[in-house]
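Chemist: When the letters of the sequence shown are read in order and numbered with my numbering, they come out as residues 577 to 976. Even glycine gets a Cβ: it sits at the ideal position worked out from N, Cα and C. Just so it is clear, the structure is predicted and the values come from calculations on it, not from any experiment. Just dropping this structure here.
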Amino acid sequence: MKSISGKALCKTDKHPNLEVKNQAMYLKNNTSSKQPENPRSPIFSSCSIINRDFSDNFRLYQSDESIFPIYMLGDVTEVLKELPTESIDFCMTSPPYWGKREYDAGGIGLEENFNTYVDNLCSVFSEVYRVLKKTGSFWLNIGDSYYHKNLLGLPWRIALSLTDDQGWILRNSIVWNKVKGGLDNSKDRLRNIHENIFHFVKSPKGYYYDIDSIRSSPRKTKVVNGSVVSATGVTGVRYKRKIELSTELSENEKRNAYNALEEILRQVSNGDISDFRMIIRGQQRITHSNSEKVSGRAKELKEKGFYFLKYHPKGSKPSDVWEILPEDTQKRELHFAPYPVDLCKIPISSTCPPNGIVLDPFCGTGSTMLAAQLLGRKSCGIDISERYLIIAKERNETIL
Ligand SMILES: C[S@@+](CC[C@H](N)C(=O)[O-])C[C@H]1O[C@@H](n2cnc3c(N)ncnc32)[C@H](O)[C@@H]1O
577 MKSISGKALC KTDKHPNLEV KNQAMYLKNN TSSKQPENPR SPIFSSCSII NRDFSDNFRL
637 YQSDESIFPI YMLGDVTEVL KELPTESIDF CMTSPPYWGK REYDAGGIGL EENFNTYVDN
697 LCSVFSEVYR VLKKTGSFWL NIGDSYYHKN LLGLPWRIAL SLTDDQGWIL RNSIVWNKVK
757 GGLDNSKDRL RNIHENIFHF VKSPKGYYYD IDSIRSSPRK TKVVNGSVVS ATGVTGVRYK
817 RKIELSTELS ENEKRNAYNA LEEILRQVSN GDISDFRMII RGQQRITHSN SEKVSGRAKE
877 LKEKGFYFLK YHPKGSKPSD VWEILPEDTQ KRELHFAPYP VDLCKIPISS TCPPNGIVLD
937 PFCGTGSTML AAQLLGRKSC GIDISERYLI IAKERNETIL
């Protein structure tokens with residue numbers, strides 16, 4: 577079969593059953609002994625677009641070594657129904673906005689009523705719930721819409737319906753600050769430059785989460801002239817001087833503060849912490865509540881005369897506000913709403929195990945799949961538009 581761009585599509589009818597079966601047997605025979613020379617792709621030796629037998633092809637892909645994405649062409653609800661229960665490790669997607677764009681092949685987002693749109697999306701996500709493993713994560717990026725000048729709050733309507741009616745657990749609501757917005761000529765409201773990203777899991781405990789994989793790299797301590805210097809140049813000399821000169825600390829408190837400082841410097845030199853700040857009563861502007869009822873730090877300051885802020889030796893974890901520029905659509909006129917590959921990197925690294933399978937049920941031009949491939953994960957994308965899947969496949973092939 578030929579695609580609209582004239583390129584041959586890799587559909588199942590291009591994989592005669594016999595050939596696939598033989599290859600599957602080849603795989604079986606080899607798993608117990610040595611790995612194939614090129615560990616990447618005995619069957620799916622490049623990205624594939626599949627338009628039927630989704631279940632069989634998915635099972636083949638599961639047992640295959642390849643990290644090339646597979647793409648499934650069809651209506652999301654129909655395709656998802658064929659995927660095995662609890663077979664997916666991670667799902668991230670950005671469904672169509674309501675009433676804003678007309679995509680290549682129609683689909684969700686064109687409903688007359690926004691309630692029908694919410695219902696349609698929620699029924700897709702109940703299938704996502706079924707196919708996701710108990711340890712899995714679902715990240716949903718979704719934009720809002722206005723109706724009769726009223727901001728509908730669609731992201732939260734959907735999020736609450738998922739937690740209240742389907743049993744999802746919402747772990748984070750991330751604000752994606754797009755920094756620059758689209759063209760906005762309205763004179764009676766602010767420019768909108770953010771979207772929501774929700775992180776859902778299926779159970780409160782035991783879901784896969786590798787926090788260390790997304791920490792910013794910590795700055796290291798070093799030794800200068802025989803003294804330990806923390807990541808930001810703290811040696812302790814300045815704090816020792818402050819303790820000595822303090823008019824607010826009693827002699828006893830000074831002794832305790834000094835000993836505690838020595839202990840912290842020892843932890844820095846051992847690499848147990850990478851940096852610290854020492855807050856001494858009466859010497860710094862207080863940045864937290866002064867009330868000891870509200871703030872444990874205020875209590876420490878009152879009772880001991882000092883406290884420490886310690887920095888994690890493995891670096892700090894990202895916050896729930898992400899500043900990421902939107903994808904440059906200039907070079908991809910064929911699709912109106914791709915999201916940036918960078919948006920998927922924290923979610924995949926932290927919540928998809930290295931040997932896991934990523935799913936994007938509205939994959940469009942395949943940004944999620946591209947991120948998965950760059951991070952060494954297998955992935956499966958679904959879209960109703962053949963044209964977008966061809967663009968997606970071509971994008972994946974640029975990083976082969
Ligand atoms: C916002 S776009 C996704 C963009 C994608 N994140 C990217 O980076 O290119 C939403 C996609 O959902 C697809 N879509 C809409 N309704 C669908 C349906 N019923 N089944 C499958 N795909 C559908 C559209 O074709 C469109 O590509």
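Roughly how many whole angstroms lie between the Cα atoms of L821 and P894?
Modeler: Between L821 and P894, the C-alpha separation is close to 38 Å.
Chemist: For the candidate residues L825, N689 and I734, whose alpha-carbon lies nearest to that of Y723?
Modeler: Closest option to Y723, Cα to Cα, is N689.
Chemist: Between T739 and P937, is the Cβ-Cβ spacing less than 8 Å?
Modeler: Cβ atoms of T739 and P937: not closer than 8 Å.
Chemist: For P672, verify whether its CB is less than 7 Å away from any heavy atom of ligand 1.
Modeler: Checking every heavy atom of ligand 1 against the Cβ of P672, one is found closer than 7 Å.
Chemist: With 16 other CB atoms within 10 Å as the buried threshold, where does S608 fall?
Modeler: Unreliable positioning characterises S608 in this predicted model, as indicated by a pLDDT of 34, which lies under 50. The coordinate reading is nonetheless provided below. The residue in question, S608, is exposed, as its Cβ has fewer than 16 Cβ neighbours within 10 Å.
Chemist: Going by the CB atoms, is the gap between G858 and E824 shorter than 8 Å?
Modeler: Going by C-beta atoms, E824 is nearer than 8 Å to G858.
Chemist: Should V652 be listed as close to ligand 1, given that the test is whether its C-beta is under 7 Å from any heavy atom?
Modeler: Yes - ligand 1 has a heavy atom lying nearer than 7 Å to the Cβ of V652.
Chemist: What do you reckon, is the C-beta of S955 under 7 Å from a heavy atom of ligand 1?
Modeler: No, the Cβ of S955 stays beyond 7 Å of every heavy atom of ligand 1.
Chemist: Along the chain, where does the alpha helix (DSSP H) containing W732 start, and where does it finish?
Modeler: From DSSP, the alpha helix (DSSP H) with W732 extends over L730 to Q742.
Chemist: I need the boundaries of the alpha helix (DSSP H) containing L837, first residue and last residue.
Modeler: E827 to N846 is the extent of the alpha helix (DSSP H) around L837.
Chemist: Thinking C-alpha only, which one of L697, M854, D788 and I966 is nearest S925?
Modeler: Answer by Cα proximity: D788.
Chemist: Heavy atom of ligand 1 less than 7 Å from the Cβ of S961, yes or no?
Modeler: S961: yes, Cβ under 7 Å from ligand 1.
Chemist: Which one of Y647, Y637 and F620 has the shortest CA to CA distance from I626?
Modeler: Closest by alpha carbon: Y647.
Chemist: What I want to know is whether the C-beta of C928 ends up closer than 7 Å to one or more non-hydrogen atoms of ligand 1.
Modeler: No, ligand 1 has no heavy atom inside 7 Å of this Cβ.
Chemist: Is the CB-CB distance between L728 and D741 below 8 Å?
Modeler: It is not a contact, given that the beta carbons lie outside the stated cut-off.
Chemist: So, for E687: in the same chain, excluding its five sequence neighbours on each side, which residues have a beta-carbon less than 6 Å away from its beta-carbon?
Modeler: Here the set comprises Y693.
Chemist: Please work out which residues of its chain come closer than 7 Å, Cβ to Cβ, to I643, disregarding the five sequence neighbours upstream and downstream, and give them in chain order.
Modeler: The residues are R616, Q949, G952, R953 and K954.
Chemist: How close, in whole Å, do the beta carbons of V755 and L901 come, if the pair is a contact with beta carbons under 8 Å?
Modeler: About 6 Å; that satisfies the 8 Å criterion.
Chemist: Output the distance between the C-alpha atoms of W752 and R817, rounded to the nearest integer angstrom.
Modeler: Computed Cα separation, rounded: 44 Å.
Chemist: What separation, rounded to the nearest whole angstrom, lies between the Cα atoms of I718 and Y887?
Modeler: Whole-angstrom Cα-Cα distance: 34 Å.
Chemist: Once DSSP output is grouped into helix, strand and coil, what is the label at E899?
Modeler: Strand, per DSSP.
Chemist: Any heavy atom of ligand 1 closer than 7 Å to the beta-carbon of T692?
Modeler: No, Cβ of T692 sits at least 7 Å from all heavy atoms of ligand 1.
Chemist: Given 7 Å as the limit, tell me if F938 has its C-beta closer than that to any heavy atom belonging to ligand 1.
Modeler: Checking the Cβ of F938 against ligand 1 gives yes.
Chemist: Looking only at its chain, what residues have a beta carbon closer than 8 Å to the beta carbon of D896, apart from the 5 residues adjacent to it on each side?
Modeler: So the list reads N748, S749, I750 and V751, once near-sequence residues are dropped.
Chemist: Please identify the residue among N846, G847, L746 and L841 whose C-alpha is closest to the C-alpha of R853.
Modeler: Answer by Cα proximity: L841.
Chemist: Grab me the residues of E658's own chain with a C-beta within less than 6 Å of its C-beta, minus the 5 sequence neighbours each way, in chain order.
Modeler: These residues qualify, in order along the chain: F630 and S631.
Chemist: Please confirm if Y815 has its CB atom under 8 Å from at least one CB of chain C.
Modeler: Note that chain C does not occur in the displayed structure, where there is just one protein chain.
Chemist: From which residue to which residue does the beta strand (DSSP E) around L708 run?
Modeler: That run of the beta strand (DSSP E) goes L708 to I718.
Chemist: If you reduce the DSSP assignment to three classes, tell me which class G872 lands in.
Modeler: The answer is helix: DSSP assigns G872 an H, G or I state.
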